[in-house]
Amino acid sequence: MLVVAEREIAGLMTPEAAYDAIEAVFAAMAKDQAYNFPVVREAIGHEDALYGFKGGFDGAALTLGLKAGGYWPQNQKHGLINHQSTVFLFDADTGRVAAAVGGNLLTALRTAAASAVSIRYLAPKGAKVLGMIGAGHQSAFQMHAAARVHGFEKVIGWNPHPEMLTRLADTATELGLPFEAVDLPTLGAEADVIISITSAFSPLLLDAHVTGTTHIAAMGTDTKGKQELDPALVARARLFTDEVAQSVAIGEFQHAVAQGLIAEEAITQIGAVVNGIHPGRGDAALTIFDGTGVGLQDLAVAQAVVKLAQAKGLAQKVEI
Ligand code: NAD
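For the sequence shown, this note's numbering begins at 4 and goes up steadily by one.
Dropping the structure here:
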């Protein structure tokens, strides 16, 4: 099998390559050429960790495998980021393990690429202000990917832990954009596109906060019980997601569905917009993309990185 070490990923994988891989796999999912397996995600009762497996099979690209790992909130004391994962790819013809790929940077890149796909296809025309809710590890990747697909003129941001806002200010500076820390009502009123990427378990952005024509990429909720948005806000939006089954089970839309405010049928796979089957935003004032993070995203970026590593001689061969 081939091993691509975590330390090699930064030199191999670009945000552009991640974007292309994610847009393509969303398109394949909407054509029923690729499907995700049910997610296993468990609170293991140790170090407050959430651990699990996300897998799938892309019959068009013949990509088969899984990502194992999760979220360890106390990892700072070990000098590690909170997300830790590894992607395993298997030969779709024989079942033999084909590759093990460091999954940490890839997770950030594929998650940022997913919200960027939604922004590219669903942002209101002439959107100028990007609003960031969340200032953790993922937030910088999110801002970079959003700025790559849309010409924003300003970034505004809010975080439940204000001391972390320097990350948003520094990232905006890297992108040559002005940054302002604001409260949530200001963010909801002024941002044309909002990305939420926190570990919240209760709504942060309320219905009354969002007053204009807006697209929201809700990226933080990837587990049962997590929640960033007011269900009333969800109820009045045009709804999109990576995968409907995952959205209503562990994504942001789980709450509005459980409260009977929206029907599963009202949620569209973003791949249908990519494929031109669904018109996308249309005349909607508010669109929300529920980015739950599917296994096929991990496999798509891992497959891309294995090819790049082979081409550059950076994939180690190991007998198993
Ligand atoms: P991080 O630990 O680096 O940062 C956590 C962020 O959430 C910070 O903004 C922090 O202020 C905020 N936060 C922490 N506890 C909170 C609470 N109780 N209530 C509200 N906010 C809180 O994490 P990260 O790597 O930036 O990831 C952020 C979130 O994104 C996590 O919940 C993670 O599970 C999720 N995530 C989702 C996907 C996906 O595909 N959808 C992929 C990766 C990460």
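Think of the CB as a built atom: it goes at the ideal place given N, C-alpha and C, for glycine as much as any other residue.
Here the structure is a predicted model, which means the values were calculated and not measured.
Asked                                                                                                                   : Found
Cβ-heavy atom distance, Thr97 to the ligand NAD, below 7 Å                                                              : no
Collapsed DSSP secondary structure at Asp61 in the structure displayed                                                  : strand
Euclidean distance between Cα positions of Gly134 and Glu231                                                            : 14 Å
Whole beta strand (DSSP E) elements within the stretch 139-188, 3-residue minimum                                       : 157-161 and 182-184
Sufficient close CB pairs (3 or more, under 8 Å) joining the stretch 238-248 to the stretch 5-18                        : no
Local conformation of Gly25 per DSSP, three classes                                                                     : According to the sequence displayed, residue 25 carries Ile and not Gly. Here Ile25 sits in helix by DSSP.
Beta-carbon spacing of Ala318, Val309 below 8 Å                                                                         : yes
Three or more C-beta pairs below 8 Å linking the stretch 153-162 and the stretch 253-273                                : no
Any 3 or more C-beta pairs closer than 8 Å across the stretch 184-197 and the stretch 97-106                            : no
Ser88 (DSSP reduced to helix, strand or coil)                                                                           : strand
Residue range of the alpha helix (DSSP H) that includes Lys310                                                          : Gly298 to Ala314
First and last residue of the uninterrupted alpha helix (DSSP H) at His212                                              : From DSSP, His212 is part of no alpha helix (DSSP H); its letter is neither H nor E.
heavy atom of the ligand NAD below 7 Å from Thr169 C-beta                                                               : no
Neighbourhood of Ala275 by C-beta distance below 6 Å, restricted to the same chain and skipping five residues each side : Ala33 and His281
Buried or exposed by the 16-neighbour rule on C-beta atoms within 10 Å, applied to Gln306                               : buried
The stretch 120-138 touching the stretch 156-175, judged by at least three CB pairs closer than 8 Å                     : yes
Glu268 (DSSP reduced to helix, strand or coil)                                                                          : helix
Rounded straight-line distance, which links the Cα of His81 to that of Ala352                                           : The structure shown does not extend to residue 352, since the chain spans only 4 to 323, so no value can be given for it.
Pair within 8 Å by beta-carbon distance, Leu207 and Ser199                                                              : yes
Contacting residues, own chain, Cβ-Cβ under 6 Å from Leu67 (five flanking each side not counted)                        : Phe60, Phe93 and Ala95
Cutoff 8 Å; reference Ile270; Cβ partners in own chain excluding five residues on either side                           : Leu242, Phe243, Thr244, Val247, Ser250, Val251, Phe256 and Asp293
N- and C-terminal bounds of the alpha helix (DSSP H) containing Asn107                                                  : Asn107 to Leu125
Nearest candidate by alpha-carbon position, reference Gly124, set Thr114, Ala312, Gly283 and Ala288                     : Gly is not the amino acid found at residue 124; the sequence shown has Tyr there. Of the candidates Thr114, Ala312, Gly283 and Ala288, the one whose C-alpha sits nearest the C-alpha of Tyr124 is Gly283.
Extent of the continuous alpha helix (DSSP H) to which Gln257 belongs                                                   : Gln257 to Ala261
Contacting residues, own chain, Cβ-Cβ under 6 Å from Pro181 (five flanking each side not counted)                       : Lys157
Short Cβ contact (8 Å threshold) for Ala119 with Ala148                                                                 : yes
Own chain, CB closer than 6 Å to Leu178, minus 5 neighbours either side, in chain order                                 : Ala150
For Leu190, the three-state DSSP class (helix, strand or coil)                                                          : helix
Ala221: first and last residue of the uninterrupted beta strand (DSSP E) it sits in                                     : Thr217 to Ala221
For Ala240 and Asp35, the rounded distance between their alpha carbons                                                  : 25 Å
Extent of the continuous beta strand (DSSP E) run through Ala231                                                        : Here residue 231 is Glu; the residue named in the question, Ala, does not match the sequence. Taken as a continuous stretch (DSSP letters only), the beta strand (DSSP E) holding Glu231 covers Gln230 to Leu232.
For Gly48, the three-state DSSP class (helix, strand or coil)                                                           : coil
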